[in-house]
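In order, the protein sequences belong to chains A and U.
Here the first sequence is numbered in my numbering, starting from 1 and rising by one per residue.
Here the second sequence is numbered in my numbering, starting from 292 and rising by one per residue.
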Amino acid sequence: MLTILFDGIAYGMLLFILAVGLAVTMGLMNFINLAHGAFAMVGGYITVLLMQRAGVPFLLCLPLAFAGAALLGAVLERTLYRPLYSKPHLDQVLFSIGLVFMSVAAVDYFVGSTQQILHLPEWLKGRTELGSGAWTLGMGHYRLFIIVICAALTVLLQWILSRTRFGSRLRASVDDQRVAAGMGINVNVVFLSTFAFGSGLAGLGGALGAEVLGLDPSFPLKFMIYFLIVVAVGGTSSITGPLLAALLLGIADVAGKYYIPKMGAFIVYVLMIVILLWRPQGLFVRQGGKA
Amino acid sequence: MTDAQKSLLATAKVKWWEPLLWLAAFAVPLLVPSTALIVNEIAIIALFAVSLDLVLGYAGIVSLGHAAFFGLGAYTAALFCKHINPDPHLGLVVAMAASAVLGLAASFTILRGTDLTRLMVTLGVALILLELANKLDWLTGGTDGIQGLVFSPVLGQFAFDLAGRTAVFYSLAVLLVLFFIARRIVNSPYGATLKAIRDNRLRAMAIGIPVHARLVSVYTLAAAIAGAAGALFTQTSGFSSLDVFEFHRSADLMLMLVVGGTGWLYGGVVGAVVFKIMQDLLSSITPQYWTFWLGLFLVVLVLVGRDRLFKPWTWWKR
Numbered sequence: 001m002l003t004i005l006f007d008g009i010a011y012g013m014l015l016f017i018l019a020v021g022l023a024v025t026m027g028l029m030n031f032i033n034l035a036h037g038a039f040a041m042v043g044g045y046i047t048v049l050l051m052q053r054a055g056v057p058f059l060l061c062l063p064l065a066f067a068g069a070a071l072l073g074a075v076l077e078r079t080l081y082r083p084l085y086s087k088p089h090l091d092q093v094l095f096s097i098g099l100v101f102m103s104v105a106a107v108d109y110f111v112g113s114t115q116q117i118l119h120l121p122e123w124l125k126g127r128t129e130l131g132s133g134a135w136t137l138g139m140g141h142y143r144l145f146i147i148v149i150c151a152a153l154t155v156l157l158q159w160i161l162s163r164t165r166f167g168s169r170l171r172a173s174v175d176d177q178r179v180a181a182g183m184g185i186n187v188n189v190v191f192l193s194t195f196a197f198g199s200g201l202a203g204l205g206g207a208l209g210a211e212v213l214g215l216d217p218s219f220p221l222k223f224m225i226y227f228l229i230v231v232a233v234g235g236t237s238s239i240t241g242p243l244l245a246a247l248l249l250g251i252a253d254v255a256g257k258y259y260i261p262k263m264g265a266f267i268v269y270v271l272m273i274v275i276l277l278w279r280p281q282g283l284f285v286r287q288g289g290k291a
Numbered sequence: 292m293t294d295a296q297k298s299l300l301a302t303a304k305v306k307w308w309e310p311l312l313w314l315a316a317f318a319v320p321l322l323v324p325s326t327a328l329i330v331n332e333i334a335i336i337a338l339f340a341v342s343l344d345l346v347l348g349y350a351g352i353v354s355l356g357h358a359a360f361f362g363l364g365a366y367t368a369a370l371f372c373k374h375i376n377p378d379p380h381l382g383l384v385v386a387m388a389a390s391a392v393l394g395l396a397a398s399f400t401i402l403r404g405t406d407l408t409r410l411m412v413t414l415g416v417a418l419i420l421l422e423l424a425n426k427l428d429w430l431t432g433g434t435d436g437i438q439g440l441v442f443s444p445v446l447g448q449f450a451f452d453l454a455g456r457t458a459v460f461y462s463l464a465v466l467l468v469l470f471f472i473a474r475r476i477v478n479s480p481y482g483a484t485l486k487a488i489r490d491n492r493l494r495a496m497a498i499g500i501p502v503h504a505r506l507v508s509v510y511t512l513a514a515a516i517a518g519a520a521g522a523l524f525t526q527t528s529g530f531s532s533l534d535v536f537e538f539h540r541s542a543d544l545m546l547m548l549v550v551g552g553t554g555w556l557y558g559g560v561v562g563a564v565v566f567k568i569m570q571d572l573l574s575s576i577t578p579q580y581w582t583f584w585l586g587l588f589l590v591v592l593v594l595v596g597r598d599r600l601f602k603p604w605t606w607w608k609r
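Shown next, in the form of structure tokens:
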């Protein structure tokens, strides 16, 4: 049972890293970006291809996946996304679905549609067991690795947003663009770097998750729904909301698939609808806060 | 009659080109029988698009899960034929009723929250139905779907054939009837209140429009129409599979509606024609990668705007 909890937490942490960039674009910049999963897929493919074709070690691939996805995010933000910030949500939805379709077909064309297999280094393959009986805690080393990295990133993110100058500039730009610009904050640069950073995190999540979630060209479509659930359920006003939502979702999904495999993803969707009916703005939003 | 009355009634009048358009729609499969199958498909997705237009174009509800109602209609028609009665007309009515009930139940999920919440719950409803259809394999056949359905002849006379000659006129007739019902509704005072809700919900509420009741009723109605489209899909193809609930169906639908224009019932019809022809052309050129060009088309469409899409010389002007 503890093992399921542990796997659920690892899965949830992974979802959080994948989705947190989306929470920022969606919550802070008010842009419905369904193409977020495409950045994650780019990160995943960078890792897999570098390891398979160039023999780059796994640990080095992770920062490269981050950098690659961040760079792509920056370029797209500058060229395509920026004119759409002020457009209605419907346009944003259509635009980002278009990007998803393009990315799926493009990856299919260049790499092929088969599922990619990530070869983990030896020291990440093992498994440690603690305790015995019903309370056995089996920790896959790779899951532990994911938890450690994601927890560190969460702390770092929280620190950046709440304690650094950049964080206060971002929060100011989001609350009132015009006033922030008047105060001498370069709003465009703040948004550009935030978007790039969020895309980079997605790329890193994709690289970390390639082994757990599987990686094939339909990745952005398959996991888009999970990211959206995390953001919608968690609310977008803080990053603690998405974190808790991701953990909840991860544990519910793993436990559901273990105990009632017949139900599949059913539980997660029902859970989402119930939560959204109960708190349409997300679970962890203060009443009267910015919608 | 005052000017205001006149201007309101002007939109409800049947324009000179409307009968011509419908005559053309019925004439094409009559004159060129080989087009029957594709015209049938277009008629079905046009009906589906009209349904989404009621929700999106008139009531302003962004839905990513409209396939839920289409799929329920398709499965209801299939099950009704298999277990109860092979009569297509009865099946159509039952499918519409089932979808309407689902629409009524689901409509309470779209009343609160933001665009994002609505996107998620509409998508969630469709996904739940997809999972159900997948898991309840004793009823729905799981991934195999329900196949080999034989419906009795339309009006007791015209049997369904492989060339789709009966199917196309059946679908067009249903489209015609439901389209004019929808047209009558959106041009009524009721339709005017829907537009008021779309444009500014708070103001609509302030002038005394029962916003929630309006949204519930229009969502139910749209669900019934989408269910009819789904039933036609099953009845003219003889099978029903998980594909009817898939996300791409909702996404494609939204695309064709936006291409044709929202808040204008013919927009859905035009969009369905353009989309189907584009899909046929592209997938015959690159069968595997045609979604890339679809995606590119979407991105360009949004970036330059629909009104400028066919005027490339204006794309680089601000």
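Beta carbons: idealized from backbone N, C-alpha and C, even for Gly.
Option in the options with minimal Cα separation from residue i
i	options	result
Q296 (chain U)	U:A542, U:S462, U:S354 and U:P480	U:P480
I9 (chain A)	A:S86, A:G250, A:L94 and A:L277	A:G250
L312 (chain U)	U:A504, U:K486, U:V561 and U:K567	U:V561
A543 (chain U)	U:I401, U:I336 and U:S325	The sequence given here places Asp at residue 543 (chain U); Ala does not occur at that position. Nearest C-alpha to D543 (chain U): U:I336.
G586 (chain U)	U:G552, U:H539 and U:Y557	U:H539
P320 (chain U)	U:T434, U:V353 and U:A454	U:A454
T405 (chain U)	A:I32, A:I260 and A:Y11	A:I32
G150 (chain A)	A:L72, A:P83 and A:L201	Looking at the sequence provided, one finds Cys at residue 150 (chain A) rather than Gly. For C150 (chain A), the nearest C-alpha among the options comes from A:L201.
P324 (chain U)	U:K567, U:D452 and U:K304	U:D452
V212 (chain A)	A:I229, A:I147, A:P261 and A:S199	A:I147
F39 (chain A)	A:V187, A:A245, A:G205 and A:L153	A:G205
A327 (chain U)	U:W308, U:T413, U:P310 and U:T527	U:T527
P444 (chain U)	U:A301, U:P377 and U:L573	U:P377
G198 (chain A)	A:K257, A:T240 and A:A23	A:A23
L59 (chain A)	A:A207, A:V190 and A:I185	A:A207
Supposed close pair residue i, residue j - CB separation, criterion 8 Å
i	j	result
D108 (chain A)	Y580 (chain U)	7 Å
A368 (chain U)	T525 (chain U)	4 Å
L363 (chain U)	L420 (chain U)	6 Å
T484 (chain U)	A495 (chain U)	7 Å
Y349 (chain U)	G554 (chain U)	6 Å
I225 (chain A)	L418 (chain U)	7 Å
V20 (chain A)	L157 (chain A)	7 Å
A358 (chain U)	V535 (chain U)	7 Å
G351 (chain U)	R489 (chain U)	3 Å
G44 (chain A)	A210 (chain A)	4 Å
Residue span of the alpha helix (DSSP H) that contains residue i, given as start and end
i	result
G256 (chain A)	T240 to Y259
N331 (chain U)	A327 to D344
A301 (chain U)	D294 to A301
F219 (chain A)	F219 to G234
P320 (chain U)	W308 to L322
N188 (chain A)	V187 to L213
Y510 (chain U)	V502 to S528
F16 (chain A)	L2 to A23
K486 (chain U)	P480 to D490
G413 (chain U)	Note that residue 413 (chain U) corresponds to Thr in the displayed sequence, not to Gly. First-last of the alpha helix (DSSP H) with T413 (chain U): D406 to K426.
Y349 (chain U)	Run containing Y349 (chain U): none; DSSP gives neither H nor E here.
Chain-order list of residues whose beta-carbon lies under 8 Å from that of residue i (same chain, five-residue window excluded)
i	result
D7 (chain A)	G140, R143 and V254
L137 (chain A)	L2, T3, F6, E129, L130 and G131
I160 (chain A)	F166 and G167
A232 (chain A)	M272, L276 and G282
L347 (chain U)	V353, S354, M545, L548 and T553
L247 (chain A)	G8, I9, G12, M13 and F16
W123 (chain A)	H141
Where the beta strand (DSSP E) containing residue i begins and where it ends
i	result
T128 (chain A)	R127 to L130
G138 (chain A)	L137 to G140
Spatial neighbours of residue i in its chain, beta-carbon cut-off 6 Å, leaving aside the 5 residues before and after
i	result
R279 (chain A)	none
L28 (chain A)	V174
Residues of its chain near residue i, where Cβ-Cβ distance is below 7 Å and the 5 sequence neighbours each way are ignored
i	result
G436 (chain U)	F530, S531, S532 and L533
A291 (chain A)	Residue confidence for A291 (chain A) is low, a pLDDT of 39 falling below 50, so the modelled location carries little weight and cannot support an answer.
A303 (chain U)	N478
F449 (chain U)	T457
S398 (chain U)	L506, V507, Y510 and T511
A252 (chain A)	I267, V268 and L271
Is there contact here, the stretch 458-470 of chain U with the stretch 322-336 of chain U, by at least three beta-carbon pairs under 8 Å?
Contact holds: three or more Cβ-Cβ distances are below 8 Å.
Touch check for the stretch 513-527 of chain U and the stretch 338-353 of chain U: three-plus C-beta pairs under 8 Å?
Taking a cut-off of 8 Å for Cβ pairs, the stretch 513-527 of chain U and the stretch 338-353 of chain U touch, as three or more such pairs fall below it.
The stretch 204-219 of chain A / the stretch 108-119 of chain A touching (three or more Cβ pairs under 8 Å):
yes
Given 8 Å as the limit, is there contact between the stretch 33-42 of chain A and the stretch 63-78 of chain A, that is, 3 or more CB pairs closer than that?
yes
Taking 8 Å as the threshold, find out whether the stretch 46-60 of chain A comes into contact with the stretch 110-127 of chain A through three or more Cβ pairs.
yes
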